[in-house]
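Following: one structure in structure tokens, then a few remarks.
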Amino acid sequence: MLKVENLQVNYGNVNALKGVSLHIEQGEVVTLIGSNGAGKSTLLKTISGLIRPKSGSITFQGEDITRLSPDVIVARGIAHVPEGRRIFTNMTVMENLKIGAYQRRDKDQLKADYEEVFSLFPILRDRAEQMAGTLSGGEQQMLALSRALLSKPKLLLLDEPSLGLAPVMVDTVFDVIDQVRKSGITILLVEQNAHLALESSKRAYVLETGEIKLSGDSQALMEDSRIVEAYLG
Numbered sequence: 613m614l615k616v617e618n619l620q621v622n623y624g625n626v627n628a629l630k631g632v633s634l635h636i637e638q639g640e641v642v643t644l645i646g647s648n649g650a651g652k653s654t655l656l657k658t659i660s661g662l663i664r665p666k667s668g669s670i671t672f673q674g675e676d677i678t679r680l681s682p683d684v685i686v687a688r689g690i691a692h693v694p695e696g697r698r699i700f701t702n703m704t705v706m707e708n709l710k711i712g713a714y715q716r717r718d719k720d721q722l723k724a725d726y727e728e729v730f731s732l733f734p735i736l737r738d739r740a741e742q743m744a745g746t747l748s749g750g751e752q753q754m755l756a757l758s759r760a761l762l763s764k765p766k767l768l769l770l771d772e773p774s775l776g777l778a779p780v781m782v783d784t785v786f787d788v789i790d791q792v793r794k795s796g797i798t799i800l801l802v803e804q805n806a807h808l809a810l811e812s813s814k815r816a817y818v819l820e821t822g823e824i825k826l827s828g829d830s831q832a833l834m835e836d837s838r839i840v841e842a843y844l845g
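Structure below.
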């Protein structure tokens, strides 16, 4: 479904990604782990068109999307839930959700999909007319995830969905991620909680200083002494 080949990204003189290659098959949950500054968020932003690479290619469902704009990439079926949620704090919950669905024209199905996200996160129905900036961190993460789902993605990019959340809210968010997977949406997950990330995925890549250092079956990596020492403690 997604193939990244020899991707290089620079920030000025800093080489943030140094020839990264990975692939994701339809229906998989693939996780990307690594320390702060490894290039994980940069990779997701490049896939979603927010950053232009110096070289390399990104292919999605057989189409080269490397140079497409973010809005076109969303229309192709890739949704990005960024680190820090990035909701529109001065707009209501419902207005944020409508932005997620702004490209859609299937009004009848859209009504059903609003109901679907409200069934996943009932608190958002109660908060529909509330300003998004007044939500708790966990509620904001629910909103960011729901906004992405309303674009009807085929591939969902999740950047640190557990960051800053209370343990009970982390469980809620990852329960929903599992439901999303079961619905057939493919997921690329960036998550600093390596144990949770590996438990939630089929395969994993380890990114360090802009390079893929390890990859393989998530369960096998959980038992790899290098991963245990570096990330699982």
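Taking my numbering, the leading residue of the sequence shown gets 613, the next gets one more, and so forth. For glycine and all other residues, C-beta sits at the position ideal for the given N, C-alpha and C.
Determine the burial state of N625: buried for a count of at least 16 other Cβ atoms within 10 Å of its Cβ, exposed for fewer.
With fewer than 16 Cβ atoms within 10 Å of its Cβ, N625 is classed as exposed.
For N622, write down the residues that DSSP places opposite it in a beta bridge.
N627
Residue ranges of each alpha helix (DSSP H) within the stretch 629–668, 4 or longer
652–659
May I have the straight-line CA-CA distance separating M706 from D836, to the nearest angstrom?
45 Å
So, with DSSP's three-state summary, where would you put K615?
Strand.
Using DSSP's beta-bridge definition, name the partner residues of H692.
L769
What is the rounded straight-line gap between the Cα of N805 and the Cα of R815?
15 Å
By Cβ distance, which residues of its chain are closer than 6 Å to I839, with the 5 residues on each side in sequence left out?
Excluding positions up to five away in sequence, the list reads L833.
Limits of the alpha helix (DSSP H) - the one that E728 falls within
K719 to L732
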